[in-house]
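No gaps in the numbering here: position 17 of the sequence shown is 17 in the numbering used here, and each next residue is one more. Each remark here refers to the structure printed beneath this line.
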Amino acid sequence: MIRDTRRLDALLAELRAFVRDECIPLEAAIDRDDAIPETMVERMRALGLFGHSIPEAYGGAGLTTEELARVNIEVSQAAPVFRARFGGNTGIASEALIADGLPEQKQRWLPRLARGEITGCFALTEPEAGSDATALRTRAIPALGDGGRTGWRIDGAKCYITNAPIADLFTVFARTDDTPRGASGITAFLMPRGTPGLSTGPAYRKLGQHGSPVGEVFLDGVWVPDDAVLGGRPGEGFRSAMRALNKQRINLAALCVGPAIRLLDEAIAHARSRKQFGQPIGEFQLVQAMLADSATEIAAARALVLETARKRDDGDDVTMDVSMCKLLASETCGRVADRAVQILGGAGYIDDHPIVRLYRDVRLFRLYEGTSQIHQLNIAKHLLRDGA
């Protein structure tokens with residue numbers, strides 16, 4: 001749903017210029033240094049990027065799902081690390097709080113997230129709980145704190161958590177009943193950095209997306225009061241996580257479309273300028289076929305992402321649609337990246353080319369927020385239960 005076309009068009013034009021003039025020129029240095037300059041983070045704050053999806057009542061822009069998808073398609077035409085820096089605040093790290101938080105929890109944290117004053121992270125994944133997110137081993141048990149305050153003691157570890165090394169606010173999921181698995185006994189906790197017993201490891205060295213810190217979270221006898229429970233309802237954490245992930249997967253699908261567009265543009269430019277056998281390689285039909293297939297698949301993925309976003313805004317159940325658009329968009333982006341490298345030939349194997357950097361960056365899209373295989377299973381389960 002688009003509320004004000006003129007206002008959205010102005011925002012998209014501003015973001016397009018930001019990507020072209022400020023982000024893309026920094027890509028090579030960020031990839032080399034594995035860090036985004038603080039001056040760029042300040043620029044993101046000034047543009048309001050950290051608060052796009054946070055309600056206006058808490059200082060954000062309150063974008064609808066469709067508006068946010070269109071924004072993500074624009075900003076992701078630069079290296080994915082730019083959006084990853086502010087994307088937690090305006091995505092997965094705030095969605096559960098927006099949907100299920102108590103009024104006082106929202107008031108405490110959302111304005112600071114919207115301003116980019118703090119960075120949030122979503123600490124769900126564990127070594128034994130990835131695709132099977134209900135297999136959490138992090139446990140929380142009732143425990144008294146100082147002065148006899150009631151609360152919880154939490155022990156466990158999380159891995160592959162985006163922004164964990166720099167996060168200020170952690171949404172941590174832990175099992176609060178005695179069952180070894182299942183959705184009903186999982187609780188979400190809000191805890192700030194500096195909470196005794198909470199620590200993070202160094203950022204991983206990764207294949208791509210250099211500059212986006214991803215790491216581990218350690219919980220060693222962490223005590224939090226009852227008011228740290230998201231929504232004040234123990235046992236509702238998994239449902240909160242799935243609601244957040246359902247929207248985030250639309251965001252991520254949009255974030256696959258943007259790089260695919262950029263990759264295709266880079267491949268087209270090379271096909272026009274590179275000459276072999278006395279003519280531009282774009283004159284050869286096999287190269288044309290790769291370009292045509294990429295453009296067609298991008299158009300299909302973009303259309304499905306925006307349609308799914310509109311359906312969510314209308315209040316429809318988009319559980320299967322979300323899996324379909326995340327599967328299609330991430331697989332499309334991977335194929336477009338592979339074709340772009342093929343069109344470049346030997347130049348596509350030299351590490352400092354934008355296509356090569358993006359090729360490394362986008363490989364992650366088929367893994368996180370549900371692997372392609374998990375989404376295939378989700379789609380098939382819905383089809384077998386409900387039909388086409």
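Note that beta-carbon positions come from the ideal geometry of N, C-alpha and C, so glycine has one too.
Given residue i as reference, the closest of the options once Cα atoms are compared
{"i": "A133", "options": "L286, E216, F238 and L384", "result": "F238"}
{"i": "A96", "options": "L327, Q285, A244 and H353", "result": "A244"}
{"i": "N246", "options": "G221, E307 and T319", "result": "T319"}
{"i": "S94", "options": "D168, A174 and E66", "result": "D168"}
{"i": "S330", "options": "D316, V257 and R274", "result": "V257"}
{"i": "A29", "options": "D9, R16, S53 and V81", "result": "V81"}
{"i": "A271", "options": "L263, I261, G278 and E283", "result": "E283"}
{"i": "A157", "options": "N163, F170 and T138", "result": "T138"}
{"i": "D345", "options": "L15, K311 and Q276", "result": "Here the sequence assigns Gly to residue 345, which means Asp is not the residue at that position. Cα-wise, what sits closest to G345 is Q276."}
{"i": "A299", "options": "S199, I261, T371 and G208", "result": "I261"}
{"i": "L144", "options": "P103, P225, R233 and I54", "result": "P225"}
{"i": "E236", "options": "A183, G278, G148 and F218", "result": "A183"}
{"i": "L263", "options": "R112, T5 and Q77", "result": "Q77"}
{"i": "R233", "options": "V222, K311 and A188", "result": "A188"}
{"i": "G370", "options": "T119, D155, V41 and A241", "result": "A241"}
{"i": "G51", "options": "V19, E22, V75 and N89", "result": "N89"}
{"i": "R43", "options": "R357, V19, R7 and G60", "result": "V19"}
{"i": "E27", "options": "D351, L12 and I379", "result": "D351"}
Residue i, DSSP secondary structure in three states
{"i": "S94", "result": "helix"}
{"i": "D4", "result": "coil"}
{"i": "A79", "result": "coil"}
{"i": "L364", "result": "helix"}
{"i": "L384", "result": "helix"}
{"i": "L190", "result": "strand"}
{"i": "L102", "result": "coil"}
{"i": "T308", "result": "helix"}
{"i": "K206", "result": "coil"}
{"i": "N246", "result": "helix"}
Chain-order list of residues whose beta-carbon lies under 8 Å from that of residue i (same chain, five-residue window excluded)
{"i": "Q342", "result": "M290 and G348"}
{"i": "K106", "result": "Y58, L97 and I98"}
{"i": "L377", "result": "none"}
According to DSSP, residues forming a beta bridge with residue i
{"i": "M320", "result": "Beta-bridge pairing links M320 to no other residue."}
{"i": "E126", "result": "A129"}
{"i": "V200", "result": "The sequence given here has Thr at residue 200, not Val. Paired residue(s): V217."}
{"i": "P234", "result": "Bridge partners of P234: none, in fact."}
{"i": "W109", "result": "None; W109 has no bridge partner."}
{"i": "V224", "result": "W152"}
{"i": "V229", "result": "F189"}
Beta-carbon proximity list for residue i, same chain, < 7 Å, skipping 5 on both sides
{"i": "L136", "result": "E126, A129, F173, A174, R175 and I186"}
{"i": "L304", "result": "M324, C325 and L328"}
{"i": "D313", "result": "M1, T64, T65 and E66"}
{"i": "I141", "result": "W152 and R153"}
{"i": "I268", "result": "L291"}
{"i": "A203", "result": "P165, P213, V214 and G215"}
{"i": "C159", "result": "T125, E126, P127 and E216"}
{"i": "E266", "result": "A340, P354 and I355"}
{"i": "I118", "result": "R112, D168 and L169"}
{"i": "T39", "result": "none"}
{"i": "R360", "result": "L207 and G208"}
Same chain, Cβ closer than 6 Å to residue i, five either side skipped, listed in chain order
{"i": "R85", "result": "I36"}
{"i": "A309", "result": "T65, E66, A69 and I250"}
{"i": "E390", "result": "This structure leaves residue 390 out entirely; the chain is present only between 1 and 388."}
{"i": "Q373", "result": "none"}
{"i": "T179", "result": "G185"}
{"i": "R339", "result": "M290 and S294"}
{"i": "N393", "result": "Residue 393 lies beyond the stretch modelled for the chain, which goes from 1 to 388, so this question has no answer here."}
{"i": "L49", "result": "F86"}
{"i": "F365", "result": "C256, S330 and C333"}
{"i": "I281", "result": "A271, R274 and V287"}
{"i": "V405", "result": "This structure cannot settle anything about residue 405, because the visible part of the chain is limited to 1 through 388."}
{"i": "I92", "result": "F122, A244 and Q248"}
{"i": "R397", "result": "This structure gives no information on residue 397, because the portion of the chain shown stretches from 1 to 388."}
{"i": "H210", "result": "D31 and D34"}
{"i": "C23", "result": "A78 and F82"}
{"i": "G197", "result": "D220, G221 and V222"}
{"i": "R193", "result": "D168"}
{"i": "R357", "result": "D31"}
* To do: List in chain order: all unbroken beta strand (DSSP E) runs of 3+ residues lying wholly within the region 258-296.
  => none
* **Runs of beta strand (DSSP E) wholly within the region 115-186 (minimum 3 residues, chain order)** => DSSP runs (the beta strand (DSSP E)) wholly in the region 115-186: 120-123, 139-144, 150-162 and 169-175.
* To do: Go through the region 6-83 residue by residue and report every complete run of the alpha helix (DSSP H) that reaches 4 residues or more, in order.
  => 27-33, 38-46 and 65-75
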